[in-house]
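Only one structure is covered here, and it is reproduced in the block below.
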Amino acid sequence: MTRPRTRPVPGRGRGRPLLFDDTQKKAYLKHVTAGLTLNEAAAAVGIDRRTVNHHTTTDPRFREARDTAKAAGRAARWDDKPHNEYRYIHGGCRCPQCTTAASSARAARRAEPPPPAADTPRHAPTVIPLPNRDIRPDQHLPPLAAVS
Ligand SMILES: [Zn+2]
Numbered sequence: 683m684t685r686p687r688t689r690p691v692p693g694r695g696r697g698r699p700l701l702f703d704d705t706q707k708k709a710y711l712k713h714v715t716a717g718l719t720l721n722e723a724a725a726a727v728g729i730d731r732r733t734v735n736h737h738t739t740t741d742p743r744f745r746e747a748r749d750t751a752k753a754a755g756r757a758a759r760w761d762d763k764p765h766n767e768y769r770y771i772h773g774g775c776r777c778p779q780c781t782t783a784a785s786s787a788r789a790a791r792r793a794e795p796p797p798p799a800a801d802t803p804r805h806a807p808t809v810i811p812l813p814n815r816d817i818r819p820d821q822h823l824p825p826l827a828a829v830s
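Under this note's numbering, the final residue of the sequence shown carries the number 830; numbering is consecutive throughout.
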C-alpha cells in the first residue's frame with residue numbers, strides 16, 4: 683500500500699505563492715481605514731490595484747471588509763477638511779457652521795450684478811473679398827430653366 687502524499691506545509695499547494703495573502707490584506711485594510719485611497723493603500727502594501735480588485739471579486743468576505751474600510755477611510759478623510767461651503771456641498775455636512783457658510787456664500791453670489799447681456803455678437807463675421815470674382819448676386823448660378 684502506497685502512503686498518501688503529504689504536503690510539507692498544510693494548506694500550501696505546489697503552485698505559485700499568493701501575491702496578496704492574509705497578512706497583506708490586513709495591512710491593506712488598515713491603510714484604507716486610515717484614509718488612504720485604494721490606489722495609495724495598494725501601493726503601500728506593494729501590490730497593484732488590479733490585484734486587490736481581483737481579490738474583491740473572488741473573496742466576498744474580503745470585499746465586505748474592504749467596503750467597510752473604504753467607508754471608514756472616507757469619513758477619516760473628511761474629518762481632516764474644514765467646515766465650509768465645500769464640505770456642505772460635496773461632503774453633505776449639515777452642521778451649523780457649514781450651513782451658515784453655504785448660505786452666506788450663496789447669498790453673496792445672488793447679490794452680484796448679472797453679467798452684461800450679450801446683445802451684440804462677440805465676433806462679427808469676417809468677410810474676405812475674393813480677387814477677380816463677380817460679386818453680383820446669382821451671377822455664378824446657371825439659369826433655373828437650364829437646370830430643369
Ligand atoms: Zn460641517
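Note that the Cβ used here is the ideal one computed from N, Cα and C, for glycine as well.
Span separating the alpha-carbon of residue i from that of residue j
i: residue 706; j: residue 717; result: 17 Å
i: residue 813; j: residue 797; result: 42 Å
i: residue 779; j: residue 768; result: 12 Å
i: residue 728; j: residue 771; result: 35 Å
i: residue 793; j: residue 805; result: 30 Å
i: residue 785; j: residue 752; result: 31 Å
Residue i (DSSP reduced to helix, strand or coil)
i: residue 755; result: helix
i: residue 712; result: helix
i: residue 707; result: helix
i: residue 720; result: helix
i: residue 765; result: coil
i: residue 794; result: coil
i: residue 742; result: helix
i: residue 732; result: helix
Residue i classed as buried or exposed, judged by whether at least 16 other C-beta atoms fall within 10 angstroms
i: residue 736; result: exposed
i: residue 713; result: buried
i: residue 750; result: exposed
i: residue 776; result: exposed
i: residue 711; result: buried
i: residue 809; result: exposed
i: residue 723; result: buried
i: residue 755; result: buried
i: residue 679; result: Nothing in the structure corresponds to residue 679, since the chain is present only between 683 and 830.
i: residue 696; result: exposed
i: residue 698; result: exposed
i: residue 743; result: exposed
Supposed close pair residue i, residue j - CB separation, criterion 8 Å
i: residue 789; j: residue 766; result: Between residue 766 and residue 789 the Cβ distance is about 15 Å, and since that is not below 8 Å, they are no contact.
i: residue 748; j: residue 738; result: 6 Å
Cβ neighbours of residue i in the same chain (closer than 7 Å, five flanking residues each side left out)
i: residue 719; result: none
Same chain, Cβ closer than 6 Å to residue i, five either side skipped, listed in chain order
i: residue 685; result: none
Sequence-distant residues of the same chain with beta carbon closer than 8 Å to residue i, five excluded per side
i: residue 758; result: 715, 716, 717
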